[in-house]
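Report on the following structure.
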Amino acid sequence: MITIQDLNKIKEKTLKKMELRLRAKDEKTDIKERHVLICGGPGCHSANAEGIKMALEEKIKKKDLHKEVKVSLAGCFGLCETGPNIEIYPEGIFYAHVGMDDLDEIVEEHLCNGNIVERLVFEDALEDGKVKHVSDITFYKKQKKIALRNCGIIDYVNLDEYIALDGYQALAKVITEMTQQDIIDMMKEANLRGRGGAGFPAGIKWETAYKYHADQKYVICNADEGDPGAFMDRSILEGDPHSVLEAMAICGYAIGSNQGFIYIRAEYPIAVRRLEMAIEQAKDKGLLGKNILGTDFSFDIELRLGAGAFVCGEGTALMESIEGKRGMPRTKIYRTSHRGLWQKPTIINNVETFANVPAIVQNGVEWFKNIGTEDTPGTKVFALGGKIANTGLVEIPMGLTLREIIFDIGGGIPNGKKFKAVQTGGPSGGCIPEEHLDTPVDFGSLGRLGSIMGSGGMIVLDEDDCMVDIARFFLDFTVDESCGKCTPCREGTKRMLEILERITEGKGTPEDLDRLESLAETITQASLCGLGQTAANPVVSTMKYFREEYEAHVYDKKCPAGSCKELIEYFITDDCTGCTLCARNCPVSCIEGKVRELHVIDQSKCIKCGDCMAVCRFDAVIIR
Amino acid sequence: MGNVTLVIDGREVSVPKDFNIIEAAKRVGIDIPALCYDPNLEIVGACRLCLVEVEGWNKPVTACSTRVQEGMTVYTETEQLIGLRREILQLLLDNHPNDCLTCQKAGECLLQEYAYRYDVKFREHDGDRRRALVDTSSPYILKDDSKCVLCGKCVRICYQVQDRQVLSFGGRGFDTKIVVDADLAFEESSCVSCNRCVTVCPVGALVDKRVLGKARPWDGDIKGVKCKACDYGCNFEVLSKNGKNIAVRARSPLKGRPLCLKGRLMTEFIYLDEPEVPYRKEDTQFVETTWEEALGLEGVLMKLSKDE
Ligand SMILES: Cc1cc2nc3c(=O)[nH]c(=O)nc-3n(C[C@H](O)[C@H](O)[C@H](O)COP(=O)(O)O)c2cc1C
Ligand code: SF4
Ligand code: SF4
Ligand code: SF4
Ligand code: SF4
Ligand code: SF4
Ligand code: SF4
Ligand code: FES
């Protein structure tokens, strides 16, 4: 068991070893020592980051550089699209798309001779022939890392490195210097709003549980992360697991609980392994378990694996699931902070919410409130996806506009296409059109636009995306994930989906549009849990901002985006030179035409595969 | 327990403070539609028919799961609520067979009652429907999934008896259904044919097979009797038509009363003019048996003593 003095010793000692990584970027250096960080985030991990690490270490050893050069895996760098990514310090050089065959060159040129391998440098880091320090790359410059503060910097398997960057100092401070009410007041003043979707202030929730007397209370970390495309929680858990453990212990102290659970989906085996390891390490050092840091506060954490039903992320369904029952949301007779898990006062917070807690304790309420907006102080992690250049994970201060996020950080829309809408908040969210791009983002503003922050999914849509089809896509997910408990969601979402399917197939009627609106209203008003209550958002928001697209499908039987197969036709224009290429490629041989004469598609046979359009060298095939 | 006073549809009512709105409304004769609520069962808030509006609250709430509060003003039949109820009922009917003509439940069915009350009709559509999986394997219970509204009462009431807990929800979303053990037929399952589940089903999804086709609630007489087979004294009903006792069925068991097959058979044997043959379960099969075997010797003697 260690004391606070020991904690400080570890910090000092380890900090020295990490110096290269943390050195200010302009500081001159003539030492040969280097630190290579390899991104071990979800994207790079599947791109063989670990293999690269081993190969690199071997090559470094061959060159006898292993004393000077340290290689470690770190949490997600955020730029998943360009992986495998590596960074070399102290120069702060970001190499992207690093393959096995690039390693020799990196070792020989960069590590031995000190020459940057420009060919491999991330393209946005190159400007006027100069290579920028990683922190000057636009992608990172506008970001502000709180929840992800350690991701990509520390070695996630090394507790000492977490401690070196102030890890467990917040817990030490809270349990030795603060009362329960002190820490609760701090969270209330900081106005840390839940990052799991609903944005409920954590401090208020904690206080409710604190004030309710009971022989046993629980702390749950919600790591179910079921939104398709979301992986912020996973990145935190894999890249910086101790930050969540520390925060849960702080919460435990605040409300008077000695037992925490992390409910994590079984599809995250790496995160599960790292959490298990982290819990073990923390217990070994007396940072979790009995009499933490020699005080009389004890707190334990156990993992509970979820089977992957989206609805199990809903707080009460999650508790049912931990209790061994079918994961169906409970009707809210009691607050979970009064009667939650096994009917005991329970605090449930999201991974990212927790990850913010130690930073707030360390840096203070004022610091936190200076970041973000009045409505939502602090930052939020978003997963950028869809038609955007830099897909990946970004953490931004609240109050940045959608335009800044999508165009400055995200690098805009690829292939010269036109922006159409951004879908925020996953399947429960809505689509926001161009005219609202200058809205500063926070919980309140997204809500007013008919969307939600949700867990931070952000999917960018361009001119080729059909908004009716997008609504259908998200509703399809909801229909699959409805737990079936309550009537409006179970029966109603299915009927909405059937209508949307009809519309995208060109069989929609004007009454269908009215029916959609009325079903949306009923499902939103009458459903039992958040899943049903928000299920109609994708439909409602697209009907609000893109009604003319719905009408085009219903009245003109046309899909303006040219995406709904049943509603488009391939057509050969006068630009056809009669090269016969399309006719030879058509899988159903439905293109007629002689050499050097205009070709014609037999619409009755065409299966709309698009091959003719893809092969034509004269852009003579169009969709209409 | 202190009382609170609230106003429901303009009527003032004073009730204990642990009452839910639905119970308070009942006190002043207001019947809020409810498919999944039963005062004897855990509250789940699943059917969403009992939605009411509370002055000052931004969304309708379910009357079955919302506690009364001092000074609360509740409305149970506003235009908005009627609209929501009609749409919810329509969703149920759109996924329900149009079988009221021959359904054993007609006349007592809550879905039928609410559809009538809110004027919602069956209609044609080409969307998906729940499959008509009918389980006829038990001589005591007929289970027709196509009529199930998934209120879950059967699951909850079966769960109340420790060693039964036979029913549960299976599948999810639109494909959710009530399953017996691991989705077995009644015959193969651990069901003890107590018929607790049948007594609470609000529709014709679970019906007593020994009543089937014999009488409907309006064309006979119903008399309540107490079971004599053990000290619990569970409640049964004897159905008679043209002066003849033709069937027995279990009544909703209040807390603590288990109901059981033996008691039911005993009641049949005592009261019915021509009781059907009894069946008992042998492993995974129902087999015909004799009354002596089904009831034991004392049971038969009891009947004889009654006849005397
Ligand atoms: C259908 C549904 C799924 C949810 N999934 C998650 C999830 O995966 N992770 C999460 O943290 N919160 C999820 N939530 C929100 C939780 O119910 C709860 O609000 C949250 O965990 C509270 O933590 P916070 O206040 O820190 O955000 C979900 C809610 C609903 C309705
Ligand atoms: S809204 Fe949907 S997911 Fe939530 S309880 Fe109802 S059926 Fe289940
Ligand atoms: S879309 Fe496919 S099937 Fe139709 S004409 Fe072109 S190649 Fe032939
Ligand atoms: S269950 Fe009710 S609504 Fe359905 S057929 Fe029978 S009586 Fe009619
Ligand atoms: S008859 Fe009894 S044991 Fe069988 S399913 Fe119904 S309640 Fe459960
Ligand atoms: S079988 Fe009857 S009691 Fe059971 S869920 Fe269906 S409708 Fe409800
Ligand atoms: S039904 Fe069964 S449990 Fe109930 S009184 Fe009769 S014998 Fe006893
Ligand atoms: S009776 Fe209240 S929801 Fe069913």
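Protein chains in written order, with this note's numbering: chain A, 1 to 624; chain B, 1001 to 1308. Ideal Cβ positions, reconstructed from N, Cα and C, are used throughout, including at glycine.
For GLN259 (chain A), the enclosing beta strand (DSSP E) has its first and last residue at 259-265. For ALA223 (chain A), the pairing in a beta bridge is given by DSSP as A:ILE264.
Secondary structure of ILE333 (chain A) (DSSP, three-state): coil.
Counted as a single uninterrupted DSSP element, the stretch harbouring ASP465 (chain A) is not any alpha helix (DSSP H), since DSSP gives it neither H nor E. Exposed is the label assigned to VAL1277 (chain B), since fewer than 16 other Cβ atoms lie within 10 Å of its Cβ. Excluding residues up to 5 positions away in sequence, LEU1239, LYS1241, ILE1246 and ALA1247 lie with their Cβ nearer than 8 Å to the Cβ of LYS1214 (chain B) in the same chain.
When DSSP states are grouped into helix, strand and coil, HIS133 (chain A) belongs to the coil group. Residue pairing by DSSP puts ASN349 (chain A) in a beta bridge opposite A:CYS221. With contacts defined as CB atoms closer than 8 Å, VAL615 (chain A) and CYS582 (chain A) qualify as a contacting pair.
Runs of the alpha helix (DSSP H) spanning 4 or more residues and lying entirely within the segment 1255-1291 of chain B occur at 1261-1271, in chain order. For GLY1045 (chain B), the C-beta contacts it makes with chain A under 7 Å involve THR331 and LEU528, in order along the chain. For THR1073 (chain B), the enclosing beta strand (DSSP E) stretches over residues 1073-1075. Taken in chain order, the members of the segment 1066-1078 of chain B whose beta-carbon sits within less than 9 Å of a beta-carbon on chain A are THR1066 and ARG1067.
Taking the C-beta atoms as reference points, GLY457 (chain A) is found no nearer than 8 Å to GLY430 (chain A).
Each residue's CA atom was taken as its position, placing ILE1032 (chain B) and LEU1081 (chain B) some 11 Å apart. Inter-residue distance for ARG1027 (chain B) and LYS283 (chain A) is about 57 Å (C-alpha atoms, whole angstroms). For THR379 (chain A), the enclosing beta strand (DSSP E) has its first and last residue at 379-386. Per DSSP, reduced to three states, the secondary structure at GLN1104 (chain B) is coil, with no helix or strand assignment.
Here MET187 (chain A) is buried, its C-beta having at least 16 other C-beta atoms within 10 Å. With contacts defined as CB atoms closer than 8 Å, LEU513 (chain A) and VAL554 (chain A) qualify as a contacting pair. Beta-bridge pairing by DSSP links GLU1237 (chain B) to B:GLY1224 and B:ARG1249. In terms of beta-carbon proximity, ARG1048 (chain B) lines the interface with chain A, with at least one pair separated by less than 8 Å. Assignment of THR138 (chain A) by DSSP, reduced to helix, strand and coil, places it in the helix class.
The Cβ of ASN1098 (chain B) sits no closer than 8 Å to any Cβ of chain A. Set against 7 Å, the gap from the CB of LYS608 (chain A) to the closest heavy atom of ligand 3 is smaller. The DSSP-derived three-state label of TYR1232 (chain B) is coil. Secondary structure of THR1062 (chain B) (DSSP, three-state): strand. Counting along the chain, the unbroken beta strand (DSSP E) around GLY392 (chain A) starts and ends at 392-397. Proximity to ILE1030 (chain B) across B:LEU1297, B:LYS1143 and B:VAL1074 peaks at B:VAL1074, based on C-alpha coordinates. In this structure, LEU73 (chain A) lies near LYS53 (chain A), with their beta-carbon atoms less than 8 Å apart.
Between THR522 (chain A) and THR439 (chain A), the alpha-carbon positions lie close to 29 Å from each other.
Counted as a single uninterrupted DSSP element, the alpha helix (DSSP H) harbouring ASN8 (chain A) occupies residues 4-17. Residue-level contact check: THR509 (chain A) does not touch chain B, since none of the beta carbons of chain B fall below 8 Å from its beta carbon.
Neighbourhood of LYS1017 (chain B) in chain A, by CB distance below 9 Å: empty, with the nearest CB roughly 14 Å away. Among the residues of the segment 485-497 of chain A, those with a Cβ less than 7 Å away from any Cβ of chain B are LYS485, CYS486, THR487, PRO488, ARG490, GLU491, GLY492, LYS494 and ARG495, in the order of the chain.
With a contact defined as Cβ atoms closer than 8 Å, CYS112 (chain A) and LYS61 (chain A) miss out at about 13 Å.
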